[in-house]
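Note that the sequence shown covers residues 1 to 411 in the UniProt record's numbering.
Using N, Cα and C, we set each Cβ at its ideal position, and we do this for glycine too.
In this text the structure is predicted, and so the values were computed from the model without any measurement.
To start, the structure under review is shown below, and the notes come after it.
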Amino acid sequence: MVYMGEEYTVRGWRSAHNEVASMMRQSLFALMVCAIGDLVAGLSLGVFSSYLELIPGLLVLVPAAIDMRGNVYASLGSRLGTYLHTGELSPELKERTILNQLVLASFSQTIALSVLLALLAKAITLAIGIPSVGVAMLMMISVLGGVLAALVMLTSTVLIATRSVLRGWDPDNITTPLITAIGDLVTIPMLLLAAYVVLRLQSVLDALAVLVLAVCAVGLATSMRRRHPISRSIIVQSIPILTVCALLSTFAGVFLEHKLEALLMYTSLFLLIPSLNEEAGNLGSILAARLSSSHRMGIIRIHGAPDAQVLLSSLALILLGMVMFPMLGVLVHIISPVFGLTTPGLVQLVVLSTVVGMVVALLSNVVAYYLTFLSIRYRVDPDNAVIPLLTSTMDFITTGVLMFFVSHFVG
């Protein structure tokens, strides 16, 4: 990335434009892969929507579980990208101490946050009077689904970050969209698989819940040991932030549970929900990852107002959104009848996807920049804070905006 001071050279502008063009090419590929993963995730919800009625409160967990996977492993990908950029980690992963601590922290986060999501879901549904199953069942579904997904996510994140460098790609442009796509692809099926298993273990749920709490405590204690400074720093900085993220995402789930009747009327909307949420978050996350790496290498300075290069990158990402969001509406309309899902119609789906998508894409870029600015100003590692807060905030905003338009304009 070229440093943009008060004066720009022709060479600097050309370099900046070339870099933005490269970002658009690489990111478009990653976002298209992500869109496919999002549609498969939504398809799982639509096809198995009967589980959402069978297990009251399960839908509250869905956005939070998807968001948690994205927060933990997109942040891991961002950290890996930063370490790879600075040379502290090689693509061959010879520096096992760094990698082991990153993996330990991510797995500990997965267990702890899965427990937290279940507790938050139960507390919020009780507070606002939405029916839900017991806390032990929610906890076991959340934790088992989280662990099953983590086995795939850990491997995928490391491979994507390292292979992108070996192929000469910038990991900041592709890791977050691809990782969140894989997260979307595996999270909902794993959550539904966990629900299927847990329904058959109801006689021992309380004992299993106690065991899970013990494992959670051991994982956090190990990550916090002094001889693990990297994992300790990640846990200390990220857990408070991820708690806020979990709360935001759980409220997004409450929006969905509250509108479950409307969603069951047009089950094709289940395909659109994860797609819009993740694409909006991904557009901002690409910008956030680039800002984090460039700041750490001393290439750019981040001030209260974005400079020309940041604005150019943001414009490029919004243009990508103008391609992606109408396409999502068309794909949802085409796929839905194949799997017996009801649809409000092509025009309504395309308009809904495009309008909601462009509104939240713009907001995502603004939120990404100022979260990065604030994290640097208050000396919090952007890799630990920005992407989790960004994706959770965008889940909350996107779900709210989508449900508003569904309530008022779809029918």
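1. Can you tell which of Ser249, Leu43, Thr342 has the C-alpha that lies nearest to the C-alpha of Pro189?
2. Just the Cα atoms here: how many angstroms apart are Ala280 and Ile36?
3. When you compare the stretch 233-247 with the stretch 382-396, are there three or more beta-carbon pairs, one atom per stretch, that lie closer than 8 Å?
4. Please specify which runs of the alpha helix (DSSP H), each continuous and at least 4 residues long, are wholly inside the stretch 28-74, giving them in chain order.
5. Could you check the C-alpha separation between Leu191 and Ile299 for me, to the nearest Å?
6. Between the C-alpha atoms of Gln309 and Thr187, what's the straight-line distance to the nearest angstrom?
7. From Pro229 to Val210, what does the alpha carbon distance come to, in whole angstroms?
8. Measure the alpha-carbon distance for Ser268 versus Ile55 and round it to whole angstroms.
9. How long is the line joining the alpha carbons of Val165 and Ile141, rounded to whole angstroms?
10. Does the distance from the C-beta atom of Asn155 to that of Ala74 stay below 8 Å?
11. Between which residues of its own chain and Thr9 is the CB-CB distance below 6 Å, once the five residues before and five after are set aside?
12. I need the straight-line Cα distance from Arg290 to Met324, nearest angstrom please.
13. Taking 8 Å as the threshold, find out whether the stretch 269-277 comes into contact with the stretch 326-336 through three or more Cβ pairs.
14. Taking the alpha carbon of Ser108 as the point to measure from, which residue in Trp169, Ala207, Arg225 has its own alpha carbon closest?
15. Three or more C-beta pairs closer than 8 Å, one from the stretch 211-222 and one from the stretch 100-115: is that the case here?
16. Using three-state DSSP, classify Asp381 as helix, strand or coil.
17. Give me, in chain order, the residues of the same chain whose beta-carbon lies closer than 6 Å to that of Asp395; leave out the 5 immediate sequence neighbours on both sides.
18. What residue from Ala161, Met327, Phe404 has the CA that sits closest to Ser90's CA?
19. Using beta-carbon positions only, say whether Gly183 and Gly70 come within less than 8 Å of one another.
20. Relative to the C-alpha of Ala112, which residue among His295, Val236, Ala385 is closest?
21. Just the Cα atoms here: how many angstroms apart are Ile124 and Leu117?
22. Please state the DSSP three-state secondary structure of Ile299.
23. Write down every uninterrupted run of the alpha helix (DSSP H) in the UniProt domain "SLC41A/MgtE integral membrane" (62-193) whose length is 4 residues or greater and which is fully enclosed by it, in chain order.
24. Give the single residue among Ala127, Ala121, Ile128 whose Cα lies nearest to the Cα of Val135.
25. Among residues of its own chain, excluding the 5 on either side of Ala30, which ones have a beta-carbon nearer than 6 Å to its beta-carbon?
26. Compare the Cα-Cα distances from Val47 to each of Gly340, Asp383, Phe373 and report the closest residue.
27. For the candidate residues Val152, Ala127, Ile286, whose alpha-carbon lies nearest to that of Thr372?
28. My guess is that residue 477 and Val212 are in contact by the Cβ rule of under 8 Å, so how many angstroms apart are they, rounded?
29. Buried or exposed: where does Thr399 fall if 16 or more other Cβ atoms within 10 Å of its Cβ makes it buried?
30. Would you mind reading off the limits of the alpha helix (DSSP H) that contains His258?
31. Which residues in the same chain as Val33 place their Cβ atom closer than 8 Å to its Cβ, once the five residues preceding and following it in sequence are excluded?
The answer reads as follows:
1. Leu43
2. 15 Å
3. yes
4. 49-54
5. 42 Å
6. 35 Å
7. 29 Å
8. 21 Å
9. 36 Å
10. The amino acid occupying residue 155 in the given sequence is Thr; Asn does not appear at that position. In this structure, Ala74 does not lie closer than 8 Å to Thr155 by Cβ.
11. At Thr9, the pLDDT of 46 sits below 50, so the modelled position is not reliable; the number obtained from the coordinates is stated separately. Closer than 6 Å at Cβ, skipping near neighbours: no residue.
12. 21 Å
13. yes
14. Arg225
15. yes
16. coil
17. Pro63, Asp67, Ser249, Ala252, Asn277
18. Ala161
19. yes
20. Val236
21. 10 Å
22. coil
23. 96-128, 135-166
24. Ala121
25. Ile174, Pro177, Leu178
26. Gly340
27. Ile286
28. Because the chain here runs from 1 to 411, residue 477 falls outside it and cannot be looked at.
29. buried
30. 229-258
31. Pro177, Leu178, Ala181
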